[in-house]
Amino acid sequence: MNRSKFVGATLIVAGTSIGAGMLALPLATAAIGFWPAMALMAVTWALSAYSALLMLEVNLKTGENLNLHSMTGKVLGPQGQWLGMAAMLALLYALTAAYLSGGSSLLLLKLNGFVELSPTVGAILFAILLGSLVAGGVKYIDAATRVLFTIKMIALGVVLCGLLPQLDLSYVAATGSADTNVWMAVVPVLITSFGFHVCIPTLVRYLDGDVVTLRRALLTGSLLPMVCYGLWLLAALGSLSMQERAALSEGDALVTLVQSLSAKSQWSGIGQALTLFADLALITSFFGVSLSLFDYLAELFRLGKNATGRVLNWGLTFVPPLVLAVFFPGGFVAVLGYAAVPLIVLMVVLPVMMARQLRRQQREPEYQVRGGNMALNGATFAGTLVIAAQLYTSW
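For the sequence shown, position 202 (counting from the first letter as 1) is numbered 397 according to my numbering, and the numbering increases by one without interruption.
Spelled out as structure tokens, the structure:
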């Protein structure tokens, strides 16, 4: 095992997961409490880890140089490929809209006192300012992300050090709502926090199909976000009473969370560190998702890299999610929940369908995830529950 490549692959998995979705976790789980949230998170991680290993199995059987689009076409044909394409576009558009909504809220918070702007104008400004870098290409995003991700993790460390020493254990132990609707609303947001599966084909090529290293990297890399999320939830929910958590549902939830936690620490700098972390979590996630959408649309519509092609692609990339962000002002958590539906299609439904098909055709012993048909059926059932939970809470 190449230890350097193992570490790199593990961090890619963790880095892909840890982003702006982390900000939504205290908002989504505030009503049920810390321990129930951790129990749901453990189940979510198990589904995510199993489906990741399943996608690894499919990738190794179909060919190391194939991406998800190519794998789906090879195994399931044009119909499966169309389903995958629709799910990918829906996921990327929903996530971009969520980050535009959250970015608008934080931008307006900074401008408060200087100028009064509507959430619509804030979302447009956020898209223009940061979307211009996306249109410039990957080299600009790569340079910016390297610096911003490092600062983000330092800021998170500072926030945890400021909040954890003074958390209230009675707040941690407090039991929340037993309402089924509340619990069902939590699950889709948790799923989007473990959505690293799009990077698996890249890792298979990076590690030259080394099954042992790939399995360890996927499992370890997916556990790291769970540890970070657990500490973050402990710090956030352990600092807020049930009454204060209830206030998060009023007005702009993300802004309220930042302001509430900033007021809890005895250290005056915690507010700046928390605001910096929230800003950078949104920005780095926005960069990664919108760049993926920008490149995907360029390939799909065969848009050129000249000025005209980039301007047209910018419009295709940002106008639809801007419209969605306008209709859901302050809807950061709500839109993240919607993203869980196409994500389940990509991370559970398609891998299960491809694995079933390939296992029927398998003649020689190859890598295969344990559990057989029972595990495949269990993953399908769990994925169906997540989609049903999102549709139920939406209506």
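Heads up, the beta-carbon is just placed ideally off N, CA and C, and yes, glycines get one too.
Do residue j and residue i have their beta-carbon atoms positioned less than 9 angstroms apart in this structure?
{"i": "L358", "j": "L475", "result": "no"}
{"i": "T315", "j": "V450", "result": "no"}
{"i": "K334", "j": "T479", "result": "no"}
{"i": "T267", "j": "L278", "result": "yes"}
{"i": "V270", "j": "A577", "result": "no"}
{"i": "M542", "j": "S243", "result": "yes"}
{"i": "K200", "j": "Q557", "result": "no"}
{"i": "P420", "j": "I213", "result": "yes"}
{"i": "E259", "j": "L553", "result": "no"}
{"i": "T503", "j": "S485", "result": "no"}
{"i": "L538", "j": "G390", "result": "yes"}
{"i": "T340", "j": "A534", "result": "no"}
{"i": "R551", "j": "L571", "result": "yes"}
{"i": "L429", "j": "L443", "result": "no"}
{"i": "T575", "j": "V536", "result": "no"}
Sort the options by Cα distance to residue i and report the nearest one.
{"i": "F472", "options": "A204, A215, G210, L418", "result": "A215"}
{"i": "L432", "options": "T370, A550, Y335", "result": "T370"}
{"i": "L220", "options": "Y587, I336, A529, Y245", "result": "A529"}
{"i": "M233", "options": "L255, C394, V367, S212", "result": "V367"}
{"i": "V202", "options": "A292, N260, A412, L324", "result": "A412"}
{"i": "L248", "options": "M548, V406, S296", "result": "V406"}
{"i": "V175", "options": "Y401, A584, G499", "result": "Given that the chain is displayed from residue 196 to residue 590, the structure contains no residue 175 and the question cannot be resolved."}
{"i": "L206", "options": "G326, L545, L409", "result": "L409"}
{"i": "T397", "options": "S265, I349, S388", "result": "S265"}
{"i": "T224", "options": "Y245, V506, V518, G425", "result": "G425"}
{"i": "L222", "options": "G510, N197, W378, L486", "result": "W378"}
{"i": "S246", "options": "V564, W590, L498, P515", "result": "V564"}
{"i": "T288", "options": "L435, T470, L531, I539", "result": "Checking the sequence, you will find Tyr at residue 288 rather than Thr. The residue with the shortest Cα to Cα distance from Y288 is L531."}
{"i": "Y294", "options": "Q557, M217, S589", "result": "M217"}
{"i": "V514", "options": "I213, K500, F489", "result": "F489"}
{"i": "G510", "options": "S388, G326, I336, Y533", "result": "G326"}
{"i": "D403", "options": "P231, L261, W590, A584", "result": "L261"}
{"i": "C423", "options": "N501, I349, Q454, I465", "result": "I349"}
{"i": "Q461", "options": "P360, P231, L235", "result": "P360"}
What does the alpha-carbon distance come out to for the pair residue i and residue j?
{"i": "L263", "j": "S463", "result": "47 angstroms"}
{"i": "L362", "j": "G416", "result": "28 angstroms"}
{"i": "L385", "j": "V329", "result": "27 angstroms"}
{"i": "A285", "j": "M569", "result": "29 angstroms"}
{"i": "D447", "j": "A241", "result": "32 angstroms"}
{"i": "K393", "j": "T211", "result": "Lys is not the amino acid found at residue 393; the sequence shown has Val there. For V393 and T211, the distance between alpha carbons rounds to 9 angstroms."}
{"i": "L303", "j": "G567", "result": "51 angstroms"}
{"i": "Y562", "j": "L364", "result": "45 angstroms"}
{"i": "T588", "j": "L355", "result": "32 angstroms"}
{"i": "I395", "j": "G308", "result": "45 angstroms"}
{"i": "Q274", "j": "G317", "result": "39 angstroms"}
{"i": "F229", "j": "T375", "result": "17 angstroms"}
{"i": "R505", "j": "I336", "result": "15 angstroms"}
{"i": "L306", "j": "S313", "result": "11 angstroms"}
{"i": "I323", "j": "A373", "result": "42 angstroms"}
{"i": "A573", "j": "V540", "result": "Before going on, a small fix: residue 573 reads as Gly here, not Ala. Taking the straight line from one Cα to the other gives about 15 angstroms."}
{"i": "A441", "j": "L418", "result": "30 angstroms"}
{"i": "V399", "j": "N254", "result": "8 angstroms"}
{"i": "T345", "j": "R555", "result": "45 angstroms"}
{"i": "I465", "j": "E439", "result": "18 angstroms"}
{"i": "G272", "j": "M280", "result": "12 angstroms"}
{"i": "E494", "j": "G483", "result": "17 angstroms"}
{"i": "W427", "j": "S487", "result": "27 angstroms"}
{"i": "G331", "j": "R198", "result": "34 angstroms"}
Give me the Cβ distance between residue i and residue j, rounded to the nearest whole Å; I'm assuming they're in contact under 8 angstroms.
{"i": "F481", "j": "G298", "result": "6 angstroms"}
{"i": "I227", "j": "V381", "result": "6 angstroms"}
{"i": "A468", "j": "V353", "result": "4 angstroms"}
{"i": "P546", "j": "M250", "result": "5 angstroms"}
{"i": "L477", "j": "L301", "result": "6 angstroms"}
{"i": "F527", "j": "S296", "result": "5 angstroms"}
{"i": "S436", "j": "K459", "result": "About 10 angstroms; that fails the 8 angstroms criterion."}
{"i": "F319", "j": "L517", "result": "Looking at the sequence provided, one finds Ile at residue 319 rather than Phe. Indeed, because the Cβ distance is near 6 angstroms, the residues count as touching under 8 angstroms."}
{"i": "L519", "j": "L507", "result": "That belief does not hold up - the Cβ atoms of L519 and L507 are roughly 20 angstroms apart, past 8 angstroms."}
Taking 8 angstroms as the cut-off, does the CB of residue i come closer than this to any heavy atom belonging to the ligand MG?
{"i": "S243", "result": "Among the ligands in the structure shown, none appear at all, so the ligand MG cannot be discussed."}
#### Entry: Every unbroken alpha helix (DSSP H) within the segment 308–341, with a cutoff of 4 residues, ordered by chain
314–331
### Contiguous alpha helix (DSSP H) assignments of at least 4 residues, all confined to the segment 217–280
229–257
### 3 or more residues per run - each beta strand (DSSP E) lying fully within the segment 383–425
none
### Those runs of the alpha helix (DSSP H) which lie wholly inside the segment 463–516 and span at least 4 residues
465–496
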